Amino acid sequence: MTIRSHSLAILALAIPTACYRGGANAHADGSDGGSEDAGDDGDDDGGSDDDGGDPGACSPAALDMRRMTEHQYRRAIDAIFTGHVEPSSQFPAPSGKAPTGYSTELGLEDVGEHDVEQIVYAAEDVAEGVAGAMDDLLPCAADEPSEACAGEFLDVYGRRAYRRALTDDERAQLLATWQAAGADGATFAEAVALMVDELLQTPQFLYVSEYAAPTARPLEGFEIASRLSFLLWDSIPDDELLDLAEAGGLAERADVLAQAERMLESPNADTTVARLFREWTQTKQITVADKSTDLFPFFDADLATSMNESFDRFVVGTLRDGGSLGDVFRSSDAWVDPRMAEFFGVTAPADGGWARASLDADLYRGIWTQPALLASLAHSDRTSYVYRGVFVRKRVLCETLPPPPPDAMGVPLDLPPDPTAREESEVRIARAECGACHSIIDGPGLALEPFDAVGRWSPTDALGRTIDPSGTLVGVGEGSIEFTDHADMIDQLAAVPEVEACFARQLFRFSMSRMETEADECTIAAIEAALAESDGDLGTALVAIVGTDAYRQREAP
Amino acid sequence: MMDRRRFLFGTGGAMLAIPLLESLAPRTARGGTNTPPKRLLVMTHGQGRLVANGNGPDWWSPRSTTGPLPAVGTAPSTMLAALAPISDEIVTIDGIDNLVRHASIMADGHIPAHVSSLTCRAQAGDEWRSTGPSIDYVAGLRLRASAAMRASIVLPASATPYNDYGYSPLEWYGPDGTEATVVSGNPAEAVVGIFGPPMPSEPPPEPQPPTLRERMMARRVDLLSGVNEQLKSLRARVSMRDRERLDRHAAFIESTQALLGGGGPTQPTTTCTRPDETVMPHVVPADWDEYQQSGNPPEWSRGRSDDLTWPHQLENLVQSLACDVVRVVGLGFHTDPAWTSEFGAGQSPFEGDGTLHDLVHGLQQVSNNPQGADDIATGFQSYARKFTQVVQRLAEIEDLDGSRLLDNTLVVWVSEMGYGSDHLAWNIPVVMAGMPSAFPGGRGRHVVQNRRTMGDLWAHVLRMLGGEDTEFGETGTLGELADAHGVGDLSLGAGYPGIGPDTPLHMGALDL
Chain A
608 MTIRSHSLAI LALAIPTACY RGGANAHADG SDGGSEDAGD DGDDDGGSDD
658 DGGDPGACSP AALDMRRMTE HQYRRAIDAI FTGHVEPSSQ FPAPSGKAPT
708 GYSTELGLED VGEHDVEQIV YAAEDVAEGV AGAMDDLLPC AADEPSEACA
758 GEFLDVYGRR AYRRALTDDE RAQLLATWQA AGADGATFAE AVALMVDELL
808 QTPQFLYVSE YAAPTARPLE GFEIASRLSF LLWDSIPDDE LLDLAEAGGL
858 AERADVLAQA ERMLESPNAD TTVARLFREW TQTKQITVAD KSTDLFPFFD
908 ADLATSMNES FDRFVVGTLR DGGSLGDVFR SSDAWVDPRM AEFFGVTAPA
958 DGGWARASLD ADLYRGIWTQ PALLASLAHS DRTSYVYRGV FVRKRVLCET
1008 LPPPPPDAMG VPLDLPPDPT AREESEVRIA RAECGACHSI IDGPGLALEP
1058 FDAVGRWSPT DALGRTIDPS GTLVGVGEGS IEFTDHADMI DQLAAVPEVE
1108 ACFARQLFRF SMSRMETEAD ECTIAAIEAA LAESDGDLGT ALVAIVGTDA
1158 YRQREAP
Chain B
62 MMDRRRFLFG TGGAMLAIPL LESLAPRTAR GGTNTPPKRL LVMTHGQGRL
112 VANGNGPDWW SPRSTTGPLP AVGTAPSTML AALAPISDEI VTIDGIDNLV
162 RHASIMADGH IPAHVSSLTC RAQAGDEWRS TGPSIDYVAG LRLRASAAMR
212 ASIVLPASAT PYNDYGYSPL EWYGPDGTEA TVVSGNPAEA VVGIFGPPMP
262 SEPPPEPQPP TLRERMMARR VDLLSGVNEQ LKSLRARVSM RDRERLDRHA
312 AFIESTQALL GGGGPTQPTT TCTRPDETVM PHVVPADWDE YQQSGNPPEW
362 SRGRSDDLTW PHQLENLVQS LACDVVRVVG LGFHTDPAWT SEFGAGQSPF
412 EGDGTLHDLV HGLQQVSNNP QGADDIATGF QSYARKFTQV VQRLAEIEDL
462 DGSRLLDNTL VVWVSEMGYG SDHLAWNIPV VMAGMPSAFP GGRGRHVVQN
512 RRTMGDLWAH VLRMLGGEDT EFGETGTLGE LADAHGVGDL SLGAGYPGIG
562 PDTPLHMGAL DL
């Protein structure tokens, strides 16, 4: 029995009623409660007895064809045309809800009712931009507006768009467009733009696809390059990676790992790393509209922006400093600009920019006490111990919670006057239909109660009563974790194996843009093993999946 | 023509940005088909039923149970007296709530109701706008003949500046809550806004070389055919799951080609006539800021020029549909009208400081101010009379199949609130007309729904126009909506008893 399934067994014994439905057969569920109550966002722990952990022995991990996300499209346009052309704002936005919580999930990007039209408009916008930037993009356009020059354009920009060299047929078709436009009176730049218009509507650009073979096969160099770039950069491969793929330089595991490490070191990875941690922790881009400005008059658009950037700088900075998952959990450092320095009560950077600051080590714990996270897991005018508790259970421990009863939020509670959050929790737990889940959710949520709705340390509630942050985290580690406050809880959590195992599972979901299946447990175990062997090193963890055969192979259809 | 596939995949409120492309004129097929297009006309006014708050006599409701309306010529109710000539054409509805209004962080009693009534979308934080498109845009995007046709246009019923908050742009939105296409309240200007500039008397200028955008527009359909070929080629090389994804994409390419290619011709009626702006009164709304700064309401404000302008604006509205310039139109009224035309010049109690808004708020019970209630009921006839005129004018025009233009047009009149006196958002007054297929129980009836929502109403409208929608706008429960938009406390004080966080935003299909 593995660590994971062992802990689940303990959990099942420790919990009085059936709040959990996790286990080896719970992989396929994608439902989402969406309520403040113990809603199920479709995560499940998906434990398995088949933890191989040997990256060479795992079967290929299925990865369906996927359309670029809006975010990836914007980054791709920027990369293809090296910043000379603005991406269009008309590219289709995602629709639907991601059971994994990650925005790259395939179902969000299916082409919908009006998406083809939007893709047309977006391609035209960019094509117009290309025509206007021709001199920067194509030096030969100024002196030699010839077919050879148009072909040169395709060799550079077409290859980037398709993430591989164009086939002869593809090249000929696009050049035919250029020729026809010229014959119709279009200028050279207009004719090239018309090629771009076509290029950006083709499935070769829009979809990241791999051909299906009767049996599992190693991915080709260009396919590996695209997997790497969309995983680590949310964008297309750079020319160096494409050159390497073209030269057969991605055939070996070591080659791929070396490139993954290079790419992770690039600033291009920053937004992807930030997105991973944001989406894992359900930290949204906070805006001023999210909070009550009556209750928090100091909370303005600038502070919201600073909070968001502080979060991103923290997670990216931890990676760049060679930090570990433990550092993500336990660091008492934060990144501050003058607004965040004021928020935390520390000295502002002398130059008015951003700098790392050391916060009170008794209070602050890494990503957990990032204001953007705490504000995301709160209402506009008050905290939410339920949101925060569900976060611990589902995102940090990868547990499954059933959806709340249909009338969960409508059932009036028999509360004392001006109840504290803890009193409210106790009343709810005492109700038969609520207690099973809230007895395991509320404890960790209440530990974070001293951080208010905008993530500010506030050890007393609105009526001035001191908040009691102590409690029990049921069903973790050897049975339960007793803690005195949030810092104690987080410190103990950071040491239990379930957390690292869950992070490995989250990395799998992030990397493969889907929930795991039984067949994936081996790959997840490999990521977990890489985490354990490196003492939780983030850099190792983020590229661990790339080193598995499962990732570098295409499964049989 | 409407593409059926677009409806099979209909998602109600899911909207995307579509540019206006007036320069690409749609093809016209006058008499080319005998099947007229479906159309929608939505009319809104502010402050709800205006008289009574549900505890006293309701002057709006024709009756308390489902059943027939009085015969033509007899007033259906005090507030709806002016509908008497068309009572056999209409269905009046009780029992529909504007639930989304409650999920707002704004304490104001009006703005959240305005922005949600036609969108069923949450308010954008504390901004005075919605987060999604209104029903006219959603329906229009589906019904339009081609991408060159605007999804919808909104006509102000009065010559009043649009940036006056009382004047209804708050209800109409494009994709993601962007501004709606509102034409001028000055009828002469509205003609140009609807039909374009008049034909020049001089010879047309020498044709200019097409712009790059025009070149791209001209080859959209062919390009998409090429994309479809590429999809087929890719399809042959990918897995079964991937093929399904590509097949969906390919299906939408076909419907998009029809839309972009102008494949659906416009279908004007044989009597389509562009209104002649040269004979219209020249009413130029002054700038609202100037009005505010001066503190002197000019003669045109709050609908004081309605007698002059309304007949022309009515014709603009009807001809925009008859000429198939657009297939969905909105008609909005000032929320604080002077109702001069109902009382006579200088006689209206709503002139000057006597605002409708203030009077309504002091009128929780009719007995509080019987004269005020009478005045409101008199003024309300302005809405009812105009609605009647719209219906009658649509009925006068023969459609392509020999039926009346009215018979292919669904006409819906709503307000943003139920009982404006207390900002109550339950029991929205709804009057519908036109399109017989929308009313299986027949017209000339009053229908009492057992708790339905505006989302249910607009989903019903989309179904009547050919969709398969069961929801519109926000989905889930009120509590989920509130959480999703950071709303701590639901404004339940403006709600029907029993509304709470677990109240679903859709209750079921309307039974009409």
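Each protein sequence line maps, in turn, to chains A and B.
Numbering of the first sequence is given in the numbering used here, commencing with residue 608 and proceeding in unit increments.
Numbering of the second sequence is given in the numbering used here, commencing with residue 62 and proceeding in unit increments.
We treat Cβ as the ideally placed atom computed from N, Cα and C, and that holds for glycine.
What you are looking at is a predicted structure, and each value in this text was computed from that prediction instead of being measured.
Spatial neighbours of residue i within its chain, please: CB distance less than 7 angstroms, with the 5 preceding and 5 following residues excluded, ordered by chain position.
i: A:Arg1000; result: Glu1006, Leu1008, Ile1047, Ile1048
i: A:Ala1139; result: Glu1107
i: A:Thr1027; result: Asp1068, Arg1072
i: A:Val1103; result: Val1083, Gly1084
Give a yes or no on whether the minimum CB-CB distance between residue i and chain A is below 8 angstroms.
i: B:Val288; result: yes
i: B:Gln374; result: no
i: B:Ser262; result: no
i: B:Leu292; result: yes
i: B:Val299; result: yes
i: B:His310; result: yes
i: B:Phe313; result: yes
i: B:Ile172; result: no
i: B:Arg302; result: yes
i: B:Asp158; result: no
Under 8 angstroms, Cβ to Cβ, is there at least one residue of chain B near residue i?
i: A:Val718; result: yes
i: A:Met672; result: yes
i: A:Thr822; result: no
i: A:Gly792; result: yes
i: A:Ser666; result: no
i: A:Gln977; result: no
i: A:Leu807; result: no
i: A:Glu1031; result: no
i: A:Gly637; result: Caution is warranted here: a pLDDT of 33 is assigned to A:Gly637, below 50, making its placement in the model unreliable, and the coordinate value is therefore given only provisionally. It does not: the Cβ of A:Gly637 has no partner Cβ on chain B nearer than 8 angstroms.
i: A:Tyr818; result: yes
i: A:Gln679; result: no
i: A:Glu827; result: no
i: A:Val723; result: yes
So, using beta-carbon positions, are residue i and residue j closer together than 8 angstroms?
i: B:Gly46; j: B:Val389; result: This structure does not reach residue 46 of chain B, given that chain B is present from 62 up to 573, and the question cannot be answered.
i: B:Pro490; j: B:Arg162; result: no
i: A:Ala823; j: A:Ala1163; result: yes
i: B:Pro342; j: B:Leu369; result: yes
i: B:Gln374; j: B:Leu231; result: no
i: A:Cys1129; j: A:Leu1004; result: no
i: A:Pro978; j: A:Val1061; result: yes
i: B:Val548; j: B:Ala249; result: no
i: A:Val733; j: A:Arg674; result: no
i: A:Leu715; j: A:Pro701; result: yes
i: A:Arg810; j: B:Leu295; result: The residue asked about is misnamed: residue 810 of chain A is Pro in this sequence, not Arg. Taking 8 angstroms as the Cβ cut-off, A:Pro810 and B:Leu295 qualify as a contacting pair.
i: A:Glu1033; j: A:Pro1023; result: no
Just to confirm my understanding: we take residue i, look at its own chain, exclude 5 residues before and 5 after, and list those with CB closer than 6 angstroms. What are they?
i: A:Ala729; result: Ser695, Gln697, Phe698
i: A:Ile1152; result: Ser1118, Ile1134, Tyr1158
i: A:Thr925; result: Asp934, Val935
i: B:Ala143; result: Gln442, Ala445, Arg446, Thr449
i: B:Asp572; result: none
i: B:Trp474; result: Met104, Phe448, Val492
Between which residues of its own chain and residue i is the CB-CB distance below 8 angstroms, once the five residues before and five after are set aside?
i: B:Thr538; result: Pro562, Asp563, Thr564, Pro565, Leu566
i: B:Phe500; result: Val152, Met493, Arg506, Leu573
Measuring only from the beta carbon, is residue i closer than 7 angstroms to any heavy atom that is part of the ligand ZN?
i: A:Arg995; result: This structure does not include the ligand ZN; it has no bound ligands of any sort.
Of the residues that make up the region 888-915 of chain A, which ones have a beta carbon closer than 8 angstroms to any beta carbon in chain B?
Thr894, Val895, Ala896, Asp897, Lys898, Ser899, Thr900
Can you pull out the residues from the region 182-200 of chain B whose beta carbon lies closer than 8 angstroms to at least one beta carbon of chain A?
Ala185, Gly186, Asp187, Glu188
Beta strand (DSSP E) segments (min. 3 residues) lying fully within the region 770-803 of chain A:
none
Identify each residue in the region 261-283 of chain B for which the Cβ-Cβ distance to at least one residue of chain A is less than 7 angstroms, and report them in chain order.
Pro270, Leu273, Arg274, Arg276, Met277, Arg281
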